Amino acid sequence: MAVERTLSIIKPDATKRNLTGKIIAKFEEAGLRVVASKRIHLTPAQAGKFYEVHKDRPFFGELTEFMASEPVVVQVLEGEGAIAKNREVMGATNPADAAPGTIRAEFAESVGENSVHGSDAPETAKEEIAFFFSGLELVG
Ligand code: ADP
Ligand code: MG
Numbered sequence: 000m001a002v003e004r005t006l007s008i009i010k011p012d013a014t015k016r017n018l019t020g021k022i023i024a025k026f027e028e029a030g031l032r033v034v035a036s037k038r039i040h041l042t043p044a045q046a047g048k049f050y051e052v053h054k055d056r057p058f059f060g061e062l063t064e065f066m067a068s069e070p071v072v073v074q075v076l077e078g079e080g081a082i083a084k085n086r087e088v089m090g091a092t093n094p095a096d097a098a099p100g101t102i103r104a105e106f107a108e109s110v111g112e113n114s115v116h117g118s119d120a121p122e123t124a125k126e127e128i129a130f131f132f133s134g135l136e137l138v139g
């Protein structure tokens with residue numbers, strides 16, 4: 000399998016509860032490497048732009064408000080099959096459905112406040128990484 004890069008976000012519910020280190024440890028234990036990272040506080044407009052694909056969903060307002068409520072940590076994870084591996088370590092969107100040991104099973108508070116974001120495909124990974132990072136900030 001090819002080495003890939005994917006965009007990961009540690010969401011406000013997790014930064015607020017000081018879970019950043021525990022979540023990054025899960026990625027590292029799974030063989031993913033953090034090759035870029037920064038802590039930022041999104042505006043609602045920036046959160047809305049990032050989640051534009053969901054703009055017609057009923058939870059869009061709640062989602063953008065939540066993502067702008069506290070700081071987030073945005074990071075690029077690199078590794079063999081990183082896109083799928085990250086999704087596996089994250090667990091299902093709804094923590095009630097997430098497999099034991101996954102980040103969302105252990106830490107998420109609800110389907111909305113679910114601790115992490117991860118890109119879902121190579122094209123979205125590329126776009127989402129470029130949304131937050133310049134090439135100079137990716138340090139493998
Ligand atoms: P994922 O983050 O697993 O890729 P989606 O892309 O479907 O999930 O949704 C993006 C984010 O929108 C979710 O991670 C979650 O924060 C929020 N969300 C999804 N479904 C709901 C819902 N039914 N109610 C509230 N928020 C939701
Ligand atoms: Mg998604």
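The opening position of the sequence shown corresponds to residue 0 in numbering that gives the first Met the number 0, with each subsequent residue numbered one higher.
We put the CB at the ideal spot given by N, CA and C, even for glycine.
If you're wondering where the values come from, they're calculated on a predicted model, not measured in any experiment.
Could you compute how far the alpha carbon of V138 sits from the alpha carbon of S118? Here the question's residue 138 lines up with position 139 in the sequence shown. Here the question's residue 118 lines up with position 119 in the sequence shown. Straight through space, the alpha carbons of S118 and V138 are spaced by roughly 19 Å.
Looking at the structure shown, is R56 part of a helix, part of a strand, or coil, going by DSSP? Counting from 1 along the sequence shown, the entry for residue 56 is found at position 57. Here R56 sits in coil by DSSP.
Pull up the DSSP beta-bridge partners for V2, would you. For this step, residue 2 is matched to residue 3 along the sequence shown. Per DSSP, E79.
Whole-angstrom Cβ separation of R4 and A124, contact assumed at under 8 Å? Position 5 of the sequence shown, counted from the start, is the residue given in the question as residue 4. Position 125 of the sequence shown, counted from the start, is the residue given in the question as residue 124. At roughly 6 Å, the Cβ-Cβ gap stays under 8 Å, so R4 and A124 are in contact.
Using a beta-carbon distance below 8 Å, is M66 in contact with chain D? Structure shown: chain D not included; a single protein chain is present.
Excluding the five sequence neighbours on either side, which residues of its own chain have a C-beta within less than 8 Å of the C-beta of V71, listed in chain order? Here residue 71 is taken as the residue at index 72 of the sequence shown, counted from 1. Hits under 8 Å: I8, I9, K10, P11, T14, R38, I39, H40 and L41.
Would you mind reading off the limits of the beta strand (DSSP E) that contains G117? As a position in the sequence shown, residue 117 is number 118, starting the count at 1. DSSP places G117 inside the beta strand (DSSP E), whose first and last residues are V115 to G117.
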